[in-house]
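Inspection log for the structure reproduced underneath, given as structure tokens.
Protein chains: 2
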Amino acid sequence: MFDNAGKTDIEKLGEFGLIDHLTQNIQLKHKSTVKGVGDDAAVLNYADKKVLVSTDMLLEGIHFDLAYTPLKHLGYKAIQVNLSDICAMNARPTQVTVSLGLSSKYTLEAIEELYSGIYLACEQYNVDIIGGDTTSSKQGLVISITVLGEADEADITYRNGAQEGDLLCVSGDLGGAYVGLQLLEREKLVYLENPKIQPDLEGKDYIIERQLKPEARHDIVQLLKDLKVKPTSMIDVSDGLASEILHLCKQSNKGCQLYEEKIPVDPMTYDTAREFNLDPTVCALSGGEDYELLFTIKQADYDKIKHDVDVSIIGYITEASAGCQLISKGGQVHELKAQGWNAFKK
Amino acid sequence: MFDNAGKTDIEKLGEFGLIDHLTQNIQLKHKSTVKGVGDDAAVLNYADKKVLVSTDMLLEGIHFDLAYTPLKHLGYKAIQVNLSDICAMNARPTQVTVSLGLSSKYTLEAIEELYSGIYLACEQYNVDIIGGDTTSSKQGLVISITVLGEADEADITYRNGAQEGDLLCVSGDLGGAYVGLQLLEREKLVYLENPKIQPDLEGKDYIIERQLKPEARHDIVQLLKDLKVKPTSMIDVSDGLASEILHLCKQSNKGCQLYEEKIPVDPMTYDTAREFNLDPTVCALSGGEDYELLFTIKQADYDKIKHDVDVSIIGYITEASAGCQLISKGGQVHELKAQGWNAFKK
């Protein structure tokens, strides 16, 4: 990846040259974007909508490993993980700012690769790039993205609105991104031991893509709108299902019953977890990076959603004193615990 | 600074514990902040105001040197440099998100120091902290801040509105932050050669403060409002006066005449520059980090502003074909060139 022969050193362009180069083709799409890149600040006009803001920082060696992450995928994923936070408010992402710290190993061509993924994600999700910052870094790549979104006040869904008796729902399937990561880590080790051996990822496209190319579930936000279902609470699954359920219940001051057999796990995730001697349920509960939406709905809305194959009902909300419980496939009751990622684990 | 004996390792708190600890005392002040920290995204309501957004990334070893930058000052400055971008739109900063990447050398106590400066700046400038991200970093400290502001549409001032005959104005004085940096760098070298020698910064408070504790000029935004002067263009001086004038003229498609004798330089900046065998005018033109406001006004507004000691009129706008010219104290005419900072210079 870093064979830089014949490539362009970014020092030659300078900061303003690089920014001009990277932003020259931006076309603004949103009516709410009055002025994008090119002044001290962007100018936005939301009129009668509410504004949502979220931010995420991705650091080389912590959040991504360039040994198996193509730069285009990295740019795409960096946008998606931010959009996911806006979707988790039952809202629509509209603008992003993109800040990059770049070490000298990054040529212009490498940054263009990264940006091609950023642009692709913004294009597909109809999001305007309105600003950012670009600077050098002593070591490795730093990506910091802030996303803005808009929603009508009545649609915004917080984490704290779950009520007793509400159904606990999750979109898509879980654990795939984590099992995909195990596979990529294994093939990296094999490669480091013997660079002549080609990575064995055949037939594993789905879980590799879950790890390298996640998609924010704006389609679920649209689905709920179309079905006229207003969720009572919502969060995105970035740190594993268990951690997110505990956030929802804590902020809503409620408990829950979660049924192991109802947790959606793709067959490829299941089989590959088994190959690694991992429990597929644990991968779903604690794996993280699935970027699905976890939400609660009133029981009265059950009929509207029951036929949708992309939403699973995995449990229900109880009073706080009942605690958060996992009912295993064998019928045992366990206290639900978060074993999600500790960003400061050494 | 990094004697960590008896201090608290942040691994013990984990990401959520650290965020809770750092954000527990936040009090929201703005009507436009509907929901701050604690959900997937903050929720804002600007009603009939326009929204301004800007972002800046600061990296250890590139933008700051902890050998002479107290963490509290660093936190304060990180907020100020962002607020300055909103002031430069003739607008009022209202909210910030703060993302941190922290290496393992940072204890809880160190992060609290950093945050105390962040809070102080937000308190003094009446800005709400509404979110952020906190993660570990392989190398050093990463600070990424996004600032939001609001303004009535009629007040927003872009870089591209300068007209022929407009007066070129700058607030405060220039070059001090750069000369202060030279002083700090010199004392660092002395200290590294002989740790027993105490730094000799006596009587240099003003320029040290210009470097370590800059203030965004929201007071100038208020002054212009009070005087009923709407600038025709505006930018903040972060990369040196020359670079910023060239930005204004390029985006406005105009030229200018800049008078060296009119450029405001504090006596301490002047004398210290001379000690370092530096030309004080070059420090003002190319030094950067002054965070003053550079703006243009109509000649008709001259009488309103002429008695204000904190605003200097340093030249005027010409047609583009006349170019950007610096008239030296001796009366010679030079083409104005930017020798501002190249973020990618190795």
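Quick mapping for you: the protein sequence lines, in order, are chains A and B. Residues in the first sequence are numbered consecutively from 1, following my numbering. Residues in the second sequence are numbered consecutively from 1001, following my numbering. Where a beta carbon is used, it is the ideal one built from N, C-alpha and C, also for glycine.
Cβ-Cβ separation, residue j to residue i (assumed contact under 8 Å), whole Å
{"i": "residue 1216 of chain B", "j": "residue 1125 of chain B", "result": "7 Å"}
{"i": "residue 227 of chain A", "j": "residue 317 of chain A", "result": "Residue 227 of chain A to residue 317 of chain A, Cβ: 20 Å. No contact."}
{"i": "residue 254 of chain A", "j": "residue 164 of chain A", "result": "6 Å"}
{"i": "residue 286 of chain A", "j": "residue 339 of chain A", "result": "4 Å"}
{"i": "residue 169 of chain A", "j": "residue 297 of chain A", "result": "6 Å"}
{"i": "residue 1101 of chain B", "j": "residue 1146 of chain B", "result": "That belief does not hold up - the Cβ atoms of residue 1101 of chain B and residue 1146 of chain B are roughly 15 Å apart, past 8 Å."}
{"i": "residue 51 of chain A", "j": "residue 1237 of chain B", "result": "Contact flag wrong, Cβ pair sits at about 29 Å."}
Cβ-based neighbour list, residue i, same chain, cut-off 8 Å, excluding 5 preceding and 5 following
{"i": "residue 1118 of chain B", "result": "1075, 1076, 1078, 1079, 1098, 1129"}
{"i": "residue 1225 of chain B", "result": "1155"}
{"i": "residue 61 of chain A", "result": "140"}
{"i": "residue 115 of chain A", "result": "22, 75"}
{"i": "residue 1346 of chain B", "result": "A caution first: residue 1346 of chain B carries a pLDDT of 45, below 50, which makes its placement in the model too unreliable to give a value."}
{"i": "residue 1249 of chain B", "result": "1162, 1255, 1256, 1317, 1320, 1324"}
{"i": "residue 1274 of chain B", "result": "1280"}
{"i": "residue 15 of chain A", "result": "134, 135"}
Neighbouring residues, chain A, relative to residue i (Cβ below 8 Å)
{"i": "residue 1171 of chain B", "result": "In chain order: nothing, as chain A lies at least about 15 Å away."}
{"i": "residue 1089 of chain B", "result": "39, 40, 41, 43"}
{"i": "residue 1046 of chain B", "result": "46, 51"}
{"i": "residue 1085 of chain B", "result": "40, 41"}
{"i": "residue 1138 of chain B", "result": "59, 60, 61, 62, 139, 140"}
Own chain partners of residue i with C-beta closer than 7 Å, once the 5 adjacent residues on each side are dropped
{"i": "residue 281 of chain A", "result": "260, 263"}
{"i": "residue 34 of chain A", "result": "43, 44, 45"}
{"i": "residue 1200 of chain B", "result": "1187"}
{"i": "residue 110 of chain A", "result": "71"}
{"i": "residue 194 of chain A", "result": "none"}
{"i": "residue 1 of chain A", "result": "Low local confidence applies: a pLDDT of 44 at residue 1 of chain A is under 50, so the model's placement there is unreliable, and no value is given."}
Length of the line joining the Cα atoms of residue i and residue j
{"i": "residue 1172 of chain B", "j": "residue 1257 of chain B", "result": "20 Å"}
{"i": "residue 112 of chain A", "j": "residue 1055 of chain B", "result": "21 Å"}
{"i": "residue 155 of chain A", "j": "residue 1205 of chain B", "result": "53 Å"}
{"i": "residue 1038 of chain B", "j": "residue 245 of chain A", "result": "15 Å"}
{"i": "residue 222 of chain A", "j": "residue 308 of chain A", "result": "13 Å"}
{"i": "residue 7 of chain A", "j": "residue 1141 of chain B", "result": "30 Å"}
{"i": "residue 87 of chain A", "j": "residue 218 of chain A", "result": "6 Å"}
{"i": "residue 1011 of chain B", "j": "residue 1106 of chain B", "result": "10 Å"}
{"i": "residue 1188 of chain B", "j": "residue 1293 of chain B", "result": "30 Å"}
{"i": "residue 133 of chain A", "j": "residue 1082 of chain B", "result": "11 Å"}
{"i": "residue 1343 of chain B", "j": "residue 25 of chain A", "result": "Residue confidence is low: residue 1343 of chain B scores 49 on pLDDT, short of 50, so the model does not pin down where it sits. Its coordinate-derived value is still stated next. About 23 Å."}
{"i": "residue 1239 of chain B", "j": "residue 27 of chain A", "result": "28 Å"}
{"i": "residue 137 of chain A", "j": "residue 301 of chain A", "result": "51 Å"}
{"i": "residue 1031 of chain B", "j": "residue 108 of chain A", "result": "43 Å"}
{"i": "residue 331 of chain A", "j": "residue 314 of chain A", "result": "15 Å"}
{"i": "residue 334 of chain A", "j": "residue 160 of chain A", "result": "24 Å"}
{"i": "residue 1036 of chain B", "j": "residue 1322 of chain B", "result": "50 Å"}
{"i": "residue 73 of chain A", "j": "residue 213 of chain A", "result": "6 Å"}
{"i": "residue 1090 of chain B", "j": "residue 65 of chain A", "result": "42 Å"}
{"i": "residue 1059 of chain B", "j": "residue 1013 of chain B", "result": "24 Å"}
{"i": "residue 1084 of chain B", "j": "residue 1337 of chain B", "result": "24 Å"}
{"i": "residue 19 of chain A", "j": "residue 1247 of chain B", "result": "14 Å"}
{"i": "residue 17 of chain A", "j": "residue 9 of chain A", "result": "12 Å"}
{"i": "residue 232 of chain A", "j": "residue 1233 of chain B", "result": "47 Å"}
{"i": "residue 1271 of chain B", "j": "residue 1167 of chain B", "result": "29 Å"}
8 Å Cβ cut-off: residues of chain B touching residue i
{"i": "residue 181 of chain A", "result": "Those within 8 Å of residue 181 of chain A in chain B number zero; the least Cβ separation is about 17 Å."}
{"i": "residue 315 of chain A", "result": "Within 8 Å Cβ-Cβ: nothing; residue 315 of chain A doesn't reach chain B, min ~21 Å."}
{"i": "residue 146 of chain A", "result": "1053, 1055, 1097, 1146"}
Amino acids of chain A, ordered along the chain, whose beta-carbon sits closer than 7 Å to that of residue i
{"i": "residue 1135 of chain B", "result": "57, 59, 62, 343"}
{"i": "residue 1130 of chain B", "result": "53"}
{"i": "residue 1156 of chain B", "result": "43"}
{"i": "residue 1200 of chain B", "result": "Ordered by position in chain A, no residue passes the 7 Å Cβ test against residue 1200 of chain B, which lies about 29 Å from the chain."}
{"i": "residue 1236 of chain B", "result": "40"}
Same chain only: Cβ atoms within 6 Å of residue i, ignoring 5 sequence neighbours per side
{"i": "residue 268 of chain A", "result": "206, 207"}
{"i": "residue 1211 of chain B", "result": "1177, 1180, 1181"}
{"i": "residue 1241 of chain B", "result": "1174, 1284, 1285"}
{"i": "residue 68 of chain A", "result": "184, 188"}
{"i": "residue 127 of chain A", "result": "93, 96"}
{"i": "residue 40 of chain A", "result": "none"}
Amino acids of chain A, ordered along the chain, whose beta-carbon sits closer than 9 Å to that of residue i
{"i": "residue 1159 of chain B", "result": "38, 39, 40"}
Interface partners of residue i on chain B, CB under 7 Å
{"i": "residue 34 of chain A", "result": "1050"}
Subject >> 4-residue-minimum alpha helix (DSSP H) runs that sit fully inside the region 1225 to 1281 of chain B, ordered along the chain >> reply: Taken in chain order, the whole alpha helix (DSSP H) runs of length 4 or more contained in the region 1225 to 1281 of chain B are 1241 to 1252, 1267 to 1275.
Original post:
Residue ranges of each alpha helix (DSSP H) run of no fewer than 4 residues wholly in the region 1294 to 1326 of chain B, ordered along the chain?
Top reply: For the region 1294 to 1326 of chain B, whole alpha helix (DSSP H) runs of length 4 or above, ordered along the chain, are 1302 to 1305.
Original post:
Hey, which unbroken runs of the alpha helix (DSSP H) at 4 residues or more fall wholly within the region 1130 to 1218 of chain B?
Top reply: Within the region 1130 to 1218 of chain B, the complete alpha helix (DSSP H) runs of at least 4 residues are 1176 to 1193, 1205 to 1212.
Subject >> In chain order, each alpha helix (DSSP H) run of at least 4 residues that lies wholly inside the region 45 to 126 of chain A >> reply: Taken in chain order, the whole alpha helix (DSSP H) runs of length 4 or more contained in the region 45 to 126 of chain A are 71 to 87, 108 to 124.
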